[in-house]
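J.: Heads up, the sequence shown is in my numbering, so the first residue is -7 and it goes up one at a time.
I have a structure I would like to understand better, so I am pasting it below and will then ask my questions one at a time.
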Amino acid sequence: MYRGAQMAKSLFNPGFECCFCQEAIGAEDEAQAVVLSATNLSDWRIELEEAREQQLFAHMACLMENWKGRMSFEAGALVNSG
Ligand SMILES: [Zn+2]
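Okay, structure coming up:
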């Protein structure tokens, strides 16, 4: 985890809510949940140090249920199996 994320987590401890189902992501769910990062593409392309970005949280099951893209998504590499 990068330092900014650790600092934000310790300062605000907002709890995590799934961006799809709006249910809380409890500590017991964290091994089956993900953080999604959205970064402004033009900021990212020029590697802007202060790129505009937002992080969203989701249960992996909700992400997979709502995944409509043709791009392959390697869910198994991101969460614990079983
Ligand atoms: Zn969810």
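Every residue, glycine too, gets a C-beta built ideally from N, C-alpha and C.
1. Ligand 1 heavy atoms versus the CB of residue 77: any closer than 7 Å?
2. Starting from residue 29, follow the beta strand (DSSP E) in both directions and report where the run begins and ends.
3. Tell me, to the nearest whole angstrom, how far the beta carbon of residue 49 is from that of residue 9; I am working on the premise that it is less than 8 Å.
4. Taking residue 18 as the reference, which of 33, 51, 28 has the closest Cα?
5. Would residue 46 and residue 25 be called neighbours here (beta carbons separated by less than 8 Å)?
T.: Based on what the coordinates show:
1. A query on residue 77 cannot be resolved here, the shown segment of the chain reaching from -7 to 74 and no further.
2. From DSSP, the beta strand (DSSP E) with residue 29 extends over 25 to 31.
3. Correct: roughly 6 Å between the Cβ atoms.
4. The residue with the shortest Cα to Cα distance from residue 18 is 51.
5. Not in contact: residue 46 and residue 25 (Cβ atoms no closer than 8 Å).
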